[in-house]
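Residues 77 to 202 in the numbering used here are what the sequence shown lists, from first letter to last.
Step one of this worksheet: look at the structure below.
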Amino acid sequence: MSKETIHTDDAPAAVGAYSQATTNGDLVFTAGQIALTPDGESLEDEPVDVQAEQALSNLEAVLEEAGTSLDNVLKTTVFLDDIEDFEAMNDTYASFFDDEPPARSAVEAGSLPKGMAVEIEAVATK
77 MSKETIHTDD APAAVGAYSQ ATTNGDLVFT AGQIALTPDG ESLEDEPVDV QAEQALSNLE
137 AVLEEAGTSL DNVLKTTVFL DDIEDFEAMN DTYASFFDDE PPARSAVEAG SLPKGMAVEI
197 EAVATK
């Protein structure tokens, strides 16, 4: 199967030259999700746990549109603007991946898009 792009109105629209996700029919690769609501409202002034919850909710919506779910996520990458926010992000993250969580990398990336504290991307199976 060739590449297919994924779009849902249940997550914020792409704000650049990228898709919310792509799939080859077997794997789904998501774009990084930040704390924007589906209608584009920014939560950049909220604490990292609130931002992580919105980013993960966006990720969940994109995966569902692709025909998969958080249960099928193989790997996530979490970008933090401050690694000191790891514990607060992790508590929220764990509530989304409580049983058999995926592999994960978490790194301090410095400045994130739109002044956000966290961005999360994933690779999942269909």
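All C-beta atoms in this analysis are idealised placements derived from N, C-alpha and C, irrespective of residue type, glycine included.
Predicted model, so just to flag it, every value in this text is computed and none were measured.
Quickly, what does DSSP pair residue i with across the bridge? List them, please.
i, result
"Q112", "Checking the displayed sequence, the identity of residue 112 turns out to be Leu instead of Gln. In DSSP, L112 forms a bridge with S118."
"F105", "T98 and V199"
"T153", "S181 and E197"
Can you tell which of the options has its C-alpha closest to the C-alpha of residue i?
i, options, result
"D157", "Q130, A170, I196 and S171", "I196"
"G27", "G143, D147, E184 and Q127", "In the structure as shown, the chain begins at 77 and stops at 202. Residue 27 is therefore absent and cannot be evaluated."
"T99", "S181, A107 and V154", "A107"
Just mark residue i as buried or exposed, buried being the case when its beta carbon has 16 or more other beta carbons within 10 Å.
i, result
"A200", "buried"
"L132", "buried"
"G116", "exposed"
"I82", "buried"
"T113", "exposed"
"Y94", "exposed"
Tell me, to the nearest whole angstrom, how far the beta carbon of residue i is from that of residue j; I am working on the premise that it is less than 8 angstroms.
i, j, result
"M192", "A111", "6 angstroms"
"D178", "K202", "For clarity, residue 178 is Pro in the given sequence; the question names Asp instead. Contact flag wrong, Cβ pair sits at about 15 angstroms."
"D125", "D175", "Actually they are not in contact, since the Cβ atoms of D125 and D175 sit about 20 angstroms apart, beyond 8 angstroms."
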